[in-house]
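In the working numbering, the protein residues as written are 180 to 637. Glycine included, C-beta positions come from ideal geometry on N, C-alpha and C. For reference, the structure discussed in these notes is given below.
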Ligand SMILES: Cc1cc2nc3c(=O)[nH]c(=O)nc-3n(C[C@H](O)[C@H](O)[C@H](O)COP(=O)(O)OP(=O)(O)OC[C@H]3O[C@@H](n4cnc5c(N)ncnc54)[C@H](O)[C@@H]3O)c2cc1C
């Protein structure tokens, strides 16, 4: 039986795949998204528990320019929800208490997060000799330019919040590309960034951090509802192969095995799944995809009454440096950021634990995981009453870890498929791990296959 032909196939209904499909359907009819899950959104999931609105995956995101442009085109920007001004107060657990991260030069001068010596060290940054940031870890690069304390007390905790990773293993270039480029351009991060600020207008996203009115699961669902063809959920792509100008896509689902034919294919899955799907096209690319490391995370939602903690629940939340002796990676004060996420008289705390720092904790049974989080919160916030453990979500391969050679690896993977028109890759492993970066990777992948294909356009 011949395989039915569609205008484009997108593998994966995470934010990258949904963004790709919405972009593709601007020009192509019959865009089919395929995903084994029972709902669209990938790791973006929201649940309602005892009056709390709980995010099981990502919690907040920046709305960068490519994402904003797509949402405005599809009239979905109105569903975004900006965090309250409380979000500007972000803390690091330091010397047994929560200390606000300095957000201005004046605050930097006064912050106890850096010693007087470390602050003095910042002044000589423009005179530090240029190095090769493209081969260094974040820790090596920032220590060379800004000193050890900046790494330990500021950059390290920040990276824990984004990657659940280790600054000694993350690469400076994939993580802080603009800083590495500024050093190469101007011999100094500070001077390079100042010069860059005067270097012409760049497209802007929205200021501040965001969620969506009803949470990120419903947000993903509203993206999926804009698709003319509803996503094929409960179905998995097991492999693809070329057949002349087309891709033959093998799909397994509840109704058995089937095949689809399309000239355009976007693979928007995590790296290991992309390796499985594409191994028959390039074994070398699949081997490189398999090498991309991920950090595991357990995300534990806690409900608490303000009077049950000694340290007030105020602001964005806190991050814990790796030498603090506390396994907790950090905690977001979600009900402070987005009103309505907790019942009256309660706060919702979203705690992250595990990561590369303590991957073993992600596998703890629920009761032990809850006890660990409770003990860590007690040390940081001082518990006077028992918190409610509302939900625990485990992600064994949560966030990709771009090491020093990551950009070169992604370029090699792409080059292996350079002679395969109509195929493009998207997802958090290839262009930045955040929600907006994954979204942008989907838009870019769609444009890539649209640029290369010739028939079926509407
Ligand atoms: C716990 C956690 C907290 C996070 N917090 C934040 C945050 O606060 N802010 C932020 O910006 N980012 C955050 N991130 C990162 C961000 O959420 C992700 O990087 C981004 O959502 C990834 O989107 P994606 O589409 O690339 O991948 P995914 O969401 O993983 O989607 C990939 C999809 O591919 C599907 N798939 C897999 N195999 C196949 C197959 N064979 N056939 C068909 N489909 C397949 C999967 O079912 C999945 O739906 C967080 C991530 C996690 C896990």
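Report task. Report the residue from 181, 591, 200 and 182 whose alpha carbon sits nearest the alpha carbon of residue 444. Result -> Answer by Cα proximity: 200.
Requested in this report: Report back the beta-carbon spacing between residue 476 and residue 534 to the nearest angstrom; my notes put them in contact at under 8 Å.
Outcome: About 6 Å separates the two Cβ atoms, so the contact holds.
Requested in this report: With DSSP collapsed to three states, give me the class of residue 249.
Outcome: Helix at residue 249.
Query raised in the report: What did DSSP end up calling residue 290 once you bin it into helix, strand or coil?
Result: For residue 290, the secondary structure class from DSSP, reduced to helix, strand or coil, is coil.
Requested in this report: Name the residue from 313, 406 and 212 whose alpha carbon lies nearest to the alpha carbon of residue 363.
Outcome: The option with the nearest alpha carbon to residue 363 is 313.
Requested in this report: Could you tell me if the beta carbon of residue 239 falls within a distance shorter than 7 Å of some heavy atom in ligand 1?
Outcome: It does: the Cβ of residue 239 is within 7 Å (strictly closer) of some heavy atom of ligand 1.
Requested in this report: Check the DSSP bridge columns for residue 421 and list the partner residues they point to.
Outcome: Answer is 426.
Query raised in the report: Are residue 431 and residue 235 touching if we call contact CB-CB under 8 Å?
Result: Residue 235 sits away from residue 431, with the two beta carbons spaced by 8 Å or more.
Requested in this report: Report the option in 264, 403 and 440 whose CA atom is closest to the CA atom of residue 424.
Outcome: Of the candidates 264, 403 and 440, the one whose C-alpha sits nearest the C-alpha of residue 424 is 440.
Query raised in the report: Given residue 307, which residues of its chain have a CB within under 7 Å of its CB, disregarding the five upstream and five downstream residues?
Result: Hits under 7 Å: 323 and 324.
Query raised in the report: Is the distance from the Cβ of residue 541 to the Cβ of residue 576 below 8 Å?
Result: Going by C-beta atoms, residue 541 is not nearer than 8 Å to residue 576.
Query - Beta-carbon proximity check, residue 346 vs residue 333, cutoff 8 Å - result: Against a cut-off of 8 Å, the Cβ pair of residue 333 and residue 346 comes out as no contact.
Query raised in the report: Based on the DSSP secondary-structure assignment, which residues constitute the bridge partners of residue 529?
Result: Paired residue(s): 480 and 511.
Query raised in the report: Taking 7 Å as the cut-off, is the CB of residue 408 close to at least one heavy atom of ligand 1?
Result: If you check the C-beta of residue 408 against ligand 1, you find no heavy atom less than 7 Å away.
Requested in this report: Name the residue from 454, 222, 304 and 420 whose alpha carbon lies nearest to the alpha carbon of residue 397.
Outcome: Taking only the C-alpha atoms, the option nearest residue 397 is 222.
Requested in this report: Provide the residue span of the beta strand (DSSP E) that contains residue 279, from first to last.
Outcome: 276–279 is the span of the beta strand (DSSP E), which, as asked, contains residue 279.
Requested in this report: State buried or exposed for residue 531, treating a residue as buried only when at least 16 other CB atoms are found within 10 Å of its CB.
Outcome: Flag for residue 531 reads buried.
Query raised in the report: Per DSSP, residue 670 forms a beta bridge with which residues?
Result: Nothing about residue 670 can be read from this structure; the chain reaches only from 180 to 637.
Report task. In the DSSP assignment, find the unbroken beta strand (DSSP E) run with residue 182 in it and report its ends. Result -> Counting along the chain, residue 182 falls outside any beta strand (DSSP E), and DSSP gives it neither H nor E.
Requested in this report: To the nearest angstrom, report how far apart residue 415 and residue 458 are at their CA atoms.
Outcome: One C-alpha to the other measures close to 16 Å.
Query raised in the report: Shortest alpha-carbon distance to residue 419 belongs to which of 612, 603 and 207?
Result: Considering only 612, 603 and 207, the residue with the shortest C-alpha distance to residue 419 is 603.
Report task. Please confirm whether any heavy atom of ligand 1 lies closer than 7 Å to the CB of residue 249. Result -> Result no, Cβ not under 7 Å from ligand 1.
Requested in this report: Please confirm whether any heavy atom of ligand 1 lies closer than 7 Å to the CB of residue 339.
Outcome: Ligand 1 never approaches residue 339 closely enough for any of its heavy atoms to be under 7 Å from the residue's Cβ.
Query raised in the report: Of the choices 198, 433 and 276, whose alpha-carbon is the least far from that of residue 215?
Result: Restricting attention to 198, 433 and 276, the CA atom closest to the CA of residue 215 is found in 433.
Query raised in the report: Under 7 Å from any heavy atom of ligand 1, does the C-beta of residue 471 make it?
Result: Because no heavy atom of ligand 1 lies under 7 Å away, the Cβ of residue 471 does not count as near it: no.
Query raised in the report: Out of 628, 614, 630 and 317, which has the shortest C-alpha to C-alpha gap to residue 245?
Result: Checking every option, the nearest Cα to that of residue 245 belongs to 614.
Query raised in the report: Just how far apart, CA to CA, sit residue 213 and residue 473?
Result: In this structure, the straight-line span from the alpha carbon of residue 213 to that of residue 473 is close to 23 Å.
Query raised in the report: Quick one: what's got a C-beta closer than 7 Å to residue 267's C-beta in the same chain, skipping five residues either side?
Result: For residue 267, where only same-chain residues beyond five positions count, the Cβ hits under 7 Å are 282.
Query raised in the report: Do three or more CB pairs link the region 249–261 to the region 401–408 at distances below 8 Å?
Result: The region 249–261 makes contact with the region 401–408, as at least three CB pairs between them are under 8 Å.
Query raised in the report: Cβ of residue 415 versus every heavy atom of ligand 1: is any distance shorter than 7 Å?
Result: Yes, the Cβ of residue 415 comes within 7 Å of a heavy atom of ligand 1.
Query raised in the report: Do residue 496 and residue 510 have their C-beta atoms within less than 8 Å of each other?
Result: In this structure, residue 510 lies closer than 8 Å to residue 496 by Cβ.
**Report entry** Through-space distance from residue 588 to residue 209, alpha-carbon basis
**Finding:** The alpha-carbon of residue 209 is positioned some 33 Å away from that of residue 588.
Requested in this report: Could you check the C-alpha separation between residue 537 and residue 548 for me, to the nearest Å?
Outcome: For residue 537 and residue 548, the distance between alpha carbons rounds to 12 Å.
Query raised in the report: Three or more beta-carbon pairs under 8 Å between the region 278–297 and the region 361–377, yes or no?
Result: Not touching, per the Cβ criterion.
Query raised in the report: Okay, do the region 479–498 and the region 268–279 touch, 3+ Cβ pairs below 8 Å being the bar?
Result: Contact between the region 479–498 and the region 268–279 is established, with three or more Cβ pairs separated by less than 8 Å.
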